[in-house]
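There are 2 protein chains.
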Amino acid sequence: MGSSVVMSSKQKVYQGVLQKIRQYIDHQHLMPGDKLPSERELADTLQAGRSSVREALRAMELLGLIETRRGEGTFLSTYRPYETVELLSSFILKEARTRKDLFLAKKILEKEAAKLAFSRIDGQDLDKLEHLLHDSLMGPTDRHVAFFKYLFAKSENLLLARVWQLMEEFSHTINKLYYNKVFYIELVQLYSTKNYQLIEPLFDSFAIVDDQME
Amino acid sequence: MGSSVVMSSKQKVYQGVLQKIRQYIDHQHLMPGDKLPSERELADTLQAGRSSVREALRAMELLGLIETRRGEGTFLSTYRPYETVELLSSFILKEARTRKDLFLAKKILEKEAAKLAFSRIDGQDLDKLEHLLHDSLMGPTDRHVAFFKYLFAKSENLLLARVWQLMEEFSHTINKLYYNKVFYIELVQLYSTKNYQLIEPLFDSFAIVDDQME
DNA sequence: GGTTAAGGGTGGTCTGACCACTTTACGGCG
DNA sequence: CGCCGTAAAGTGGTCAGACCACCCTTAACC
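If you're matching them up, the sequences are chains A and B in order. Residue numbering for the first sequence follows this note's numbering, beginning at 1 and increasing consecutively. Residue numbering for the second sequence follows this note's numbering, beginning at 1001 and increasing consecutively.
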């Protein structure tokens, strides 16, 4: 950084600013928490208007790349791609807003998490899962969410977990979904008897209970 | 739309503007290509400054949600996340673990699409898939993308397809990935011999070829 | 040394000016 | 009446400037 924003005939100033900021972050080896130059300084250095700098920063902020704090400055944030997926998914899910697509996609993720978690479920986990199933203070949807949150944590694939969570949260705007209670009991049994090959057939044999039909 | 931006104590004006625009898109059932109100009109209607409106629009533009054209206006775009993906990739690369998550998640989706497509693959589809495999003008990555694009279309689960597409585009910024060529041939064979039960083991037995290691 | 107030710096928001480009409207001519 | 050219109106794009809310640092006072 030190040169003005390069103005290609098609590129808007905020896009040039964005590129320069990214280069600055790279060259300075900035880590999350590190401070960027002030808006005014950026505007001076890049010979752009402060508004144009702000437009670039707002775009980055929405993507979760930076955090701006009034009176303090602009800081590189711990990058959380999942927040971006959240915003994007709100559009994606809207387009694909058929119940069938959503529920099947979610079921697939749950099934795969169940299988990924398989080798990591020990006796203690079984206890916790069974405790969940027998907690009579929990409604079926909450139990479902807690159950699979547990399994997704065990799967140790954060991206899958987050995508599932977004689908789960989004599906709540449609209605509440869960499997028949026998399903959960049988899945825990499969973990108990170490019967990996029966996980997929189990998912295939249980239909989702659709709260809206009741 | 018609009320001013609600100012919560923590929310910035541009975030409120963003919400209102999203609501407007919903209420008007806007489709890609449809025109949004002008910046000045939005500023009047939402009782915000034009700069604040622009900040919100820049953020949406960077996400590929809208397209602004000087002299014409602001249009809802057919969702194309290319610019976003490029911007995010420089940050997503920093986490090797995220990378591992991404590849595994993508493989899972590809596997499930292959299975969902199973019952819809006919002789004509087989011809097309085989044609893909024998197109020597295609590099391995392009072939992989075309191959699975085809399968996801056959799966008829638009949500899964979109999530996979997003992951696929993310992963391209990291490196180029595909399976060993024998994989595709064997999968087409499974379709030909109608051997559904072997799809999952096939995916389990093939490692992803990582271009970066070559 | 501790506390408080002031000063300087930060981001946040808005207004206004002006430019480049597109679309619309109007007038003149055939 | 239709077409063409020009001007006006409308669009986004950029910048400067003003002022506010907040934060941090420094200086002054007890």
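Glycine included, C-beta positions come from ideal geometry on N, C-alpha and C. Every value quoted in this text rests on a predicted model; they were computed, and no experiment measured them.
Per-residue DSSP class, three states only, for residue i
i: B:I1066; result: strand
i: B:K1035; result: strand
i: A:G16; result: helix
i: A:F206; result: coil
i: B:L1030; result: coil
i: B:Q1023; result: helix
i: A:A117; result: helix
i: A:A48; result: coil
i: A:G2; result: Because A:G2 sits at a pLDDT of 48, beneath the cut-off of 50, its placement in the model cannot be relied upon, and the point is left open.
Cβ-based burial, residue i [other Cβ within 10 Å; buried from 16]
i: B:A1207; result: exposed
i: A:M167; result: buried
i: B:M1031; result: exposed
i: A:I185; result: exposed
i: A:D34; result: exposed
i: B:V1182; result: exposed
i: A:R162; result: buried
i: A:S171; result: buried
i: B:Y1196; result: exposed
i: B:D1122; result: exposed
i: B:D1101; result: buried
i: B:L1093; result: Because B:L1093 carries a pLDDT of 49, less than 50, the predicted location of this residue cannot be relied on, and no value is offered for it.
i: A:S38; result: exposed
i: A:G16; result: buried
i: B:L1065; result: buried
i: A:H27; result: exposed
i: B:L1137; result: exposed
i: A:E110; result: buried
i: B:D1134; result: According to the sequence shown, residue 1134 of chain B is His rather than Asp. By the neighbour-count rule (16 or more Cβ atoms within 10 Å), B:H1134 is not buried but exposed.
i: A:R120; result: exposed
i: A:S155; result: buried
i: A:H29; result: exposed
i: A:K194; result: exposed
i: A:R143; result: buried
i: B:N1157; result: buried
Per DSSP, cross-strand counterpart(s) of residue i
i: B:T1074; result: B:T1068
Open item on the list: Check whether the region 112 to 125 of chain A and the region 70 to 77 of chain A touch, using three or more Cβ-Cβ pairs below 8 Å as the test.
Closed with: Too few Cβ pairs lie closer than 8 Å, so no.
Task: Three CB pairs or more closer than 8 Å across the region 119 to 130 of chain A and the region 140 to 159 of chain A - done: Verdict: yes, contact present.
Task: alpha helix (DSSP H) runs contained entirely in the region 1121 to 1197 of chain B, provided each spans 4 or more residues - done: Runs of the alpha helix (DSSP H) inside the region 1121 to 1197 of chain B: 1123 to 1133, 1140 to 1155, 1158 to 1172, 1181 to 1192.
Task: the region 50 to 66 of chain A contacting the region 1051 to 1069 of chain B, beta-carbon criterion three pairs below 8 Å - done: Per the Cβ contact rule, the region 50 to 66 of chain A is in contact with the region 1051 to 1069 of chain B (3 or more Cβ pairs under 8 Å).
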